[in-house]
Each structure stands twice: as C-alpha cells, then as structure tokens.
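A.B. asks: Before I ask anything, here is the structure I am working with.
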C-alpha cells in the first residue's frame, strides 16, 4: 500500500469508512473555495467532534499529512484551497449549539455552525450577533474566526474578533487548547483567543467557539444618496464619520459599479448623472431613528449630492439596497475572472485611494470596479480580467502591486476582512516588517512544529 | 567597579546622567506599586523616546538586567513591583501626543500618556475614550495596555483591548515591533497587538499606542437602587442584563460595603434595611435617556427593592454616586491591609458567588467586603486583614483559594481587570491548563529569550 493509502486507511479506521472520503467526486468537490484555481486533496475528512479532530491531527502528524481546515469554502483568498498531498478537514458535520444562555448573552457552538443560522437562532430571543459577511447565509463560524470576518455592520459593531469570548482548538501537536472565558471580561494569561482569530488555520483547528451577543436593535432605517462624483461621495463619507451618530452600515459604489448594476436593470430611478452611490443604514431604538436619519441627511448634504432617499419599511429598505445586492452577480457577469481585493485606508484618504485606482486603471488599461464598506475605509477593488490573456494578466499584477503600495502609503492595510490565504501571501512583506514576520513564523512553529496546518498560506514563500 | 555599577554607568552614558537614577531616594520611590510589599530596584530609568527604550533593552540584554516597565505604579497585583537586581523603566517622560486625527477617530500617543489627560484631550472634539479604570486621573495608557485595564464603562463599551488599533514596542531581543493598523479594520498576519495587550510587560516594552475613539455620548443619567438582600440585588442585575437596554455602568455594593460608607457618613439617605446597593448609569442621545431610565427602573423593580432614585443633573448624579466613591477610602480605613481580588462570574451566577463569599467569611472568620462591576459579573472581593496576625493571614490564604475554586466552578475567571502580576501567579494554574501554560511560556521565550522582561510575573514559579 502506498504511503498516502496507508494514511487514509488509518484515518478511515479512526473516523469510520464514510467520513474519510477519497473518491474522485468528493475530492473534486473540495478542490477549491471561492477563489480561482484548484488542487485535488488526497482525502476529505468529516469529523463529528473535537476528539475526532484531535485524532485527525495526531494521525496527520504521524503521517506528515498537511491539513486544510474548511468552513463553507466561501473565502476568496484561497485559505481553504487544498495544497498538494493534503487532506481537507471539513467542519460541516460539526454544527451543534453546545450551550446557549440568553440571560448571559452568550452562545457556544461547534465550528461548523452556519453564521446565518446562529444569527437567526439568537434573534428569536431579541439577541444579535453583528458580524455579517456577505456569505453569512452559508458560511460557517469557524471560517469566520479563521479569517476574522466582518461585513457592512463592522463600521458600528466591529468584527468577528470583537465577539469571541473563548474557543476550543487542536494545535498542530494534537493538543487541546481551551482559551478565553465564558464571561464578558477576563485577563488571565496571554490572549491566545485573539491570536487564533485571523490565523487562517495555521496555528490550530478551531472546534468550538463561545461568542458574546448584543441586544437586537429595535429598528433600522436606510438612506441612499447619489453623487455627481466619486470625490463628492467620499467627502460625504468623511463628514458622516466625523459627526456623532455612527451608522450601522455605510457602503460605497463607484461609477463602474453603478453602470454594472444599471446594466442589470437595477437602480433605474437614480439620476442619470450619478457617478457614485452611498448606502447608509442606522439602527437602534425606534424613538431615535428619525433623528439618526436627519443626522445622516445633514452629513450627506453637500456639493455633488444629486438625490437622497430614505426608508424605514422593510420593502422600501429592500428597494434602496437593490443596487448594492445586484453588484456581485453584475460584476461576475462582466469578465471571466474577478480579482477581488479588499484594501483599507483611513476614511479621510478614501478619495485619494479612488483617484489612484482610476490612474492605475488608465495606466495599465484595466477594467476596475470599486465598492465596499466606506465607513471603515474598506474598499473591494475588483480587477475584471481574462486569465487567457497573458498580457492583461501581467498588467493586472502590476496594477495590484501599485494598488498595494498606494494603500500602504496612505496609511492603510492590504486586507480588511478577506485575509491573505495563498493569493496575497507574496504581498505581505510590503506591509509587515522582517522582524514581525520572523516572530510570526516562530509563533507558527510553536503551535505547529511539523508545518502540517494549512502550509503555503498567510506568509510569503520561504 | 561591580557588575551592576558597570551596567548603570552604561545606561547613564546612553540616557544621560539624570535619567538613570540609583540614588537611595529614587530607588525608594519606585520600590513598589499599589500592592503590599516592596523591593528596591538597582536603578530607575526615564527614557524619552522609543529609541532610548531600545537602547535600554539592548544594554539590559548584554548585562542580564531585568527590566520592570512602569506606568503610574497604580496596579495592585505587583505588576510594576521591582524584582531583586532589576531596573524600573518608568514611562513618565514619554507622554506626548504623536498623531491625533479627530476625523478618523484615532489618536496615537506615547505609552506614558495619562489616561485621564487623553480622555480630556479628545472630549474637546466630542470624542470619547471609554476605558475608565478607577485610577484614570493618574494612570498611564501603557500600563492600561499591559494589564488590559477596564472599569465601570466596560459593561457597555468593552475593555482597553477593544480600543487598541496598533502599537510600537521593543521586544526582549531589543527589536522594534510595529503591530496593527491605523484603520478600523485589518487582518494581515497574526494579531500581535492583542497578544501584547494584557501581557503585563513580559513580551515587550510598549512605547507608542494607537487608539480608536468613539463619539462622546450626548448625555447620561444615573439610578441608585437599594435592596433588602444581596440575592434580590443580584436578581435585578440579571434582569437588567437580560433586557435590551445596556447600561453604561452597573455597579454593586454588598451590605459590608454599605456599612463601611455609612460609617464614613455617606449614603445616609438610604433605608435602614438596605443590604445591597446598585448604581446604574445609562448614556446616549438626550432624547433616549428618559426611555433608558424607564427600562432600568422596570428591570430594577422586583422583590426586595426598597428605594430607587434617579438623576440627570451633574450634582444630583454626583450625590447618587457618593456611596460608591466613598468606598475605597472607607475600606482602606477598616484594616491594616486590604487584599483586593478581582474575580468574574457569569452575571447569572453573581448571587451564588456572593453566597459562597459569605460562607467563606464565616468558615475562615474573615472580614470580606465585596463590590464591583456587576454588569460584567466582575466583583472586587476585599479581604480586610492584618499582616501581623499570622493565623488570620493563613485563613485569608485558605479563603482566597476557596474563592478562586468557587469562581472557576461557576464558569468564571480569576481576574477581570487587575491581572496576575506577582500576587496571583500561584493561582494561575487553577484556571489555565498545563498545555496552555506551556504554550504561553514558549511564546514568552520567543519574545524575550533571556527572560529580562518583568521576570517573576504572570506565570507560576517554574
């Protein structure tokens, strides 16, 4: 029997025959995540419990088998893409709610719990789990932790990291690690919880997660504002973030994004001269909504504002968000491949960034569509390309490098919520110093001395 | 010249003659923090900049000189207490504001910046830095980060960790480490920022800190509620934390605390039968205050409520808080020594914890006064003792161990905001597993291979 066949036999013995699958169809299904490229894993594993994950890591260590943790495979930096000779560890069979105490605003779930299901579960009790990545209807909480996922609500409510009280995980040595607390405060020892959040499956496999919850806001209202230029929309973003009412979402769409959704028949009621769109949400006590809407209207008002609508009724709100919701399918239809970046700059630098993006598009002759979470200065910059056009791909790569340099020069960061994975690893050393990278690699070796946890991700190639 | 004289000469050459002080008076002044016990440092260092801190660490490494970082020395777990043969690194000469951008809700300061000064500085622009340890008029932000300080506002606004965007520090190898981002989001690499927050000066000396700020709430209101029993007050705490309005402070005082402040002439307007007191603060838009007060009143109302007052005018608010403010001097006057614990349990377990504390006090014949941040389940349990009474001290130690065991059995943690330092290090292994401790010690060795940064703190003795 070959080495890998031996390994798979051992895994099958540990998990049961149907939960270590190496049939071609299963391997094909798990050969990629929501990122271009694919690589067949040797086997796909479906653990049912923490102790099964521990058994997997022990065997993987013995057999030098790389393990790629996978939530829903909805990430778009290749974080859950298999590497050659690896096993995918899918957490989809671990989605139990282990402990839910509404009176303590706390829930403990297995890592495979679907984020949207968790949200719906706690909303029945008037509670609220704010992080809302676009994939929340199907993504899994373990993946959210691995990437420190965010979404539009982050501008008011913060990111996944801010809601994790503690977790249970298996390190690369096969040891169980319990971190954090079940209380809303705790300062005993180093913060291993937040070291694991955002570590992209390279330090440990997260099996169980305790999350804090908030009271659900009573009501929400939405505003949609059309502007005559990118610059005037960005100035409005800066005005909103400089006054005292923090919106629960503040989304931006550039002229190309607007054109794309109009091409799909959305947002037809906007003035023809609209070159940028802001979508603003406020939430809270019903008694405060009118005042919050007024604060947003007054901050939105300025040179270049063409039209401003607001809504509080659910169907009217949905109508205003239509342009934003149509965006993802619209841009996907525009080109064979969408390189989806996720840069962040201080909100006061958003206009400068968008200007630089236009310059890059002109210089490299690229089609670039930008939109995103403007209240955080977090822009999704989409390069629409064709992988069969080598010249175009080279220009796109050049454009990416220019983009990242500009972002860093403006005081920003390469990724706000998507992470690094395999696709951005070569750019990490633009942002992190050699000292910081060396320390991080050393930490990785502590947790995973054999390098079996998601190798080839997060750090530049050695 | 002796080895230490050599070391001091080298430090004096690097910093200047007046900023490496080994005169008896200065050494005496820095021989302790706000913790019983003292130990003379060999020398006290007053760096003026990041690069001077770097020079200090380089020399300390060469000369095997332990370094004890010190903010204001207001901690009460011995975190800033010198160890034998050590140098204190005081950050009091590093309190500059380096970069303040109100429009981005961000401020960067040196580690010696006084927390209250920072708060006052940003409030002029309508901004708000929420963490508010009791020592905020004089404590320093670097110390707040080292201990992950909190305070009454944590129940609504979170702790120091939640406000740190990034930092600059010098590790035990003398290397400069820049962590985090200047934006409100960022996921590039491991979260070294939060690994350093709460690390009690054992991983690196923090020199510069970037903090995010919030808009300042427009108004606040206070309620004070007296209860006939501890249990009825705890039930009210649980009711408050189970409804949708989150108070900005929710403080508890037990019968002994009440008796203490009454002995000082405070809170004389409370019913004689009062056995427990809650102080509740709400904040936000003025338009919402009345409704928030109503929500608190309705949650406070239940069996055992004797009296409930509320106030919105500053002097009336101050009157209601009088009992809480009088507490620290009142308890200090009660005994030669106050052992001030800082345990946390889930809010639903607060009554069980307080019952257990009464049982411990009876069994060990101890005087125990409890109060604290009830909304976080964070109780300051004060053992009032006399160090000259060996029998009493032994019973107190026994009582502490029983307390910690009970706290952990209730799902809690040993420290909510004070940290471990030297005084709680022997109890840490009650909470952290051997695996977790071993990993944390390994991380410490990565950052500080020679063990020169605050040795003898945070972890149990080897």
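Protein chains in written order, with full-length UniProt numbering: chain G, 1 to 462; chain C, 1 to 462. All C-beta atoms in this analysis are idealised placements derived from N, C-alpha and C, irrespective of residue type, glycine included.
Tell me whether the beta-carbon of residue 115 of chain G lies closer than 8 Å to the beta-carbon of residue 140 of chain G.
C.D. replies: Stepping through the first chain from its first residue, residue 115 of chain G is reached at position 115. Stepping through the first chain from its first residue, residue 140 of chain G is reached at position 140. Cβ atoms of residue 115 of chain G and residue 140 of chain G: closer than 8 Å.
A.B. asks: I want to verify the contact list: residues of chain C whose CB lies under 8 Å from the CB of residue 33 of chain G, in sequence order.
C.D. replies: In the first chain, residue 33 of chain G corresponds to position 33, counting from 1. What residue 33 of chain G touches in chain C: nothing, since even the nearest Cβ is about 16 Å away.
A.B. asks: What residues in the segment 164 to 196 of chain G bring their beta carbon closer than 8 Å to a beta carbon of chain C?
C.D. replies: Residues 171, 175, 176, 177, 178, 179, 181, 182, 183, 184, 185, 186, 187, 188, 189, 190, 191, 192, 194, 195.
A.B. asks: Does residue 6 of chain G pass the burial test, meaning 16 or more other C-beta atoms within 10 Å, or should it be called exposed?
C.D. replies: Taking the first residue of the first chain as 1, we reach residue 6 of chain G at position 6. With fewer than 16 other Cβ atoms within 10 Å, it is exposed.
A.B. asks: Secondary structure at residue 463 of chain G, three-state DSSP: helix, strand or coil?
C.D. replies: Residue coverage of chain G in this structure runs from 1 to 462, which leaves residue 463 of chain G outside it and unanswerable.
A.B. asks: Please specify which runs of the beta strand (DSSP E), each continuous and at least 3 residues long, are wholly inside the segment 217 to 289 of chain C, giving them in chain order.
C.D. replies: The segment 217 to 289 of chain C contains these whole beta strand (DSSP E) runs: 219 to 227, 249 to 253, 276 to 284.
A.B. asks: Is residue 241 of chain G near residue 375 of chain G, with beta carbons less than 8 Å apart?
C.D. replies: Translated into positions along the first chain, residue 241 of chain G becomes position 241. Translated into positions along the first chain, residue 375 of chain G becomes position 375. A contact, by the Cβ cut-off of 8 Å.
A.B. asks: Given that a residue counts as buried once 16 or more other Cβ atoms are within 10 Å of its Cβ, and exposed if not, what is residue 449 of chain C?
C.D. replies: Translated into the one-based positions of the second chain, residue 449 of chain C becomes position 449. It is exposed - the Cβ of residue 449 of chain C has fewer than 16 other Cβ atoms within 10 Å.
A.B. asks: Could you check which residue in G:198, G:154, G:208 has the C-alpha nearest to that of residue 169 of chain G?
C.D. replies: Residue 169 of chain G sits at position 169 when you count from the first residue of the first chain. Selected option, being the one with the closest Cα: G:208.
A.B. asks: Compare the C-beta of residue 294 of chain C against all C-beta atoms of chain G and say whether one is closer than 8 Å.
C.D. replies: For this step, residue 294 of chain C is matched to residue 294 along the second chain. Chain G contact via Cβ: absent.
A.B. asks: Closer than 8 Å is the cut-off here; do at least three beta carbon pairs connect the segment 439 to 447 of chain G with the segment 13 to 23 of chain C?
C.D. replies: Result no; under three Cβ-Cβ pairs closer than 8 Å.
A.B. asks: May I ask which residues mark the beginning and end of the beta strand (DSSP E) holding residue 54 of chain G?
C.D. replies: Taking the first chain and counting its residues from 1, one reaches residue 54 of chain G at position 54. First-last for residue 54 of chain G: 50 to 63, but that is the alpha helix (DSSP H), not the beta strand (DSSP E).
A.B. asks: Check the Cβ of residue 414 of chain G against every Cβ in chain C and list those closer than 8 Å, keeping chain order.
C.D. replies: Your numbering for residue 414 of chain G matches position 414 in the first chain. The contacting residues are 188.
A.B. asks: Name, please, each residue of chain G whose Cβ falls closer than 8 Å to the Cβ of residue 287 of chain C.
C.D. replies: Along the second chain, read from residue 1 onward, the residue named residue 287 of chain C stands at position 287. Result: 287, 288, 291.
A.B. asks: Are the CB atoms of residue 322 of chain G and residue 221 of chain G nearer to each other than 8 Å?
C.D. replies: What you label residue 322 of chain G is simply residue 322 of the first chain in a count that begins at 1. What you label residue 221 of chain G is simply residue 221 of the first chain in a count that begins at 1. Not a contact, by the Cβ cut-off of 8 Å.
A.B. asks: Alpha carbons only, please: which of C:379, C:237, C:383, C:128 is nearest the one belonging to residue 360 of chain C?
C.D. replies: As a position in the second chain, residue 360 of chain C is number 360, starting the count at 1. Nearest option by C-alpha distance: C:383.
A.B. asks: Taking residue 386 of chain C as the reference, which of C:372, C:336, C:349, C:369 has the closest Cα?
C.D. replies: To locate residue 386 of chain C, count along the second chain from 1; it is residue 386. Nearest C-alpha to residue 386 of chain C: C:336.
A.B. asks: Could you tell me whether the Cβ atoms of residue 57 of chain G and residue 45 of chain G are closer together than 8 Å?
C.D. replies: Looking up residue 57 of chain G in the first chain gives position 57. Looking up residue 45 of chain G in the first chain gives position 45. No, the Cβ-Cβ distance between residue 57 of chain G and residue 45 of chain G is not below 8 Å.
A.B. asks: Since residue 417 of chain G contacts residue 249 of chain G with CB under 8 Å, what's their CB separation in whole angstroms?
C.D. replies: Here residue 417 of chain G refers to the residue found at position 417 when the first chain is read from its first residue. Here residue 249 of chain G refers to the residue found at position 249 when the first chain is read from its first residue. The pair is not a contact, with the Cβ atoms about 14 Å apart (cut-off 8 Å).
A.B. asks: Please list, in chain order, the chain G residues whose beta carbon lies closer than 8 Å to that of residue 417 of chain C.
C.D. replies: As a first step, residue 417 of chain C is located in the second chain; it is residue number 417 there, counting from the start. Within chain G, the residues near residue 417 of chain C are 185, 187.
A.B. asks: Terminal residues of the continuous beta strand (DSSP E) containing residue 212 of chain G?
C.D. replies: Working through the first chain from its first residue, we reach residue 212 of chain G at position 212. Taken as a continuous stretch (DSSP letters only), the beta strand (DSSP E) holding residue 212 of chain G covers 204 to 212.
A.B. asks: Would you mind stating whether residue 151 of chain C and residue 419 of chain C have Cβ atoms separated by less than 8 Å?
C.D. replies: Counted from its first residue, the second chain places residue 151 of chain C at position 151. Counted from its first residue, the second chain places residue 419 of chain C at position 419. For residue 151 of chain C and residue 419 of chain C, no; Cβs fall outside 8 Å.
A.B. asks: Count the CB pairs spanning the segment 128 to 147 of chain C and the segment 74 to 93 of chain C that are closer than 8 Å, and state whether there are at least three.
C.D. replies: With a cut-off of 8 Å, the segment 74 to 93 of chain C and the segment 128 to 147 of chain C count as touching, because enough Cβ pairs lie within range.
A.B. asks: Distance cutoff 8 Å, beta carbons only. Does residue 233 of chain C sit that close to anything in chain G?
C.D. replies: Stepping through the second chain from its first residue, residue 233 of chain C is reached at position 233. So, not an interface residue.
A.B. asks: So residue 446 of chain G contacts chain C; which residues on that side make the cut at Cβ distance below 8 Å?
C.D. replies: For the purposes of this step, residue 446 of chain G is taken as the residue at position 446 of the first chain. Under the 8 Å cutoff, chain C gives 439, 442, 443, 446.
A.B. asks: Taking 8 Å as the cut-off, decide whether the C-beta atoms of residue 396 of chain C and residue 366 of chain C are in contact.
C.D. replies: Position 396 of the second chain, counting from 1, holds the residue named residue 396 of chain C. Position 366 of the second chain, counting from 1, holds the residue named residue 366 of chain C. Yes; because the gap between Cβ atoms is below 8 Å, this pair is in contact.
A.B. asks: I'd like to confirm the pairing. Which residues does DSSP put opposite residue 338 of chain G in its beta bridges?
C.D. replies: What you label residue 338 of chain G is simply residue 338 of the first chain in a count that begins at 1. DSSP output for residue 338 of chain G lists G:384 as bridge partner(s).
A.B. asks: Does residue 124 of chain G pass the burial test, meaning 16 or more other C-beta atoms within 10 Å, or should it be called exposed?
C.D. replies: The residue labelled residue 124 of chain G in the question sits at position 124 within the first chain. When all chains shown are included, residue 124 of chain G counts as exposed.
A.B. asks: Going by C-alpha to C-alpha distance, which of C:327, C:399, C:434, C:1 sits closest to residue 358 of chain C?
C.D. replies: The count along the second chain starts at 1 and reaches residue 358 of chain C at position 358. The residue with the shortest Cα to Cα distance from residue 358 of chain C is C:399.
A.B. asks: When the cut-off is 8 Å and only beta carbons count, does residue 246 of chain G lie next to chain C?
C.D. replies: Residue mapping note: residue 246 of chain G aligns to position 246 of the first chain, counting from 1. Residue 246 of chain G counts as touching chain C.
A.B. asks: Excluding five sequence neighbours on each side, which residues of the same chain lie with their C-beta closer than 7 Å to the C-beta of residue 98 of chain G?
C.D. replies: Numbered from its first residue, the first chain carries residue 98 of chain G at position 98. The residues are 108, 109, 110, 208.
A.B. asks: Compare the C-beta of residue 431 of chain C against all C-beta atoms of chain G and say whether one is closer than 8 Å.
C.D. replies: Translated into the one-based positions of the second chain, residue 431 of chain C becomes position 431. Interface residue, yes.
A.B. asks: Please tell me whether residue 471 of chain C has its Cβ less than 8 Å away from any Cβ of chain G.
C.D. replies: One cannot answer for residue 471 of chain C here, as it falls past the ends of chain C, which runs 1 to 462.
A.B. asks: For residue 119 of chain G, is the classification buried or exposed, using 16 other Cβ atoms within 10 angstroms of its Cβ as the cut-off for buried?
C.D. replies: Counting from 1 along the first chain, the entry for residue 119 of chain G is found at position 119. Under this definition residue 119 of chain G is a buried residue.
A.B. asks: Going by the DSSP bridge assignment, what does residue 423 of chain G pair with across the sheet?
C.D. replies: Counting from one through the first chain, the residue named residue 423 of chain G turns up at place 423. None; residue 423 of chain G has no bridge partner.
A.B. asks: Any contact of the segment 128 to 136 of chain G with the segment 223 to 240 of chain G, i.e. 3+ C-beta pairs under 8 Å?
C.D. replies: The segment 128 to 136 of chain G is not in contact with the segment 223 to 240 of chain G.
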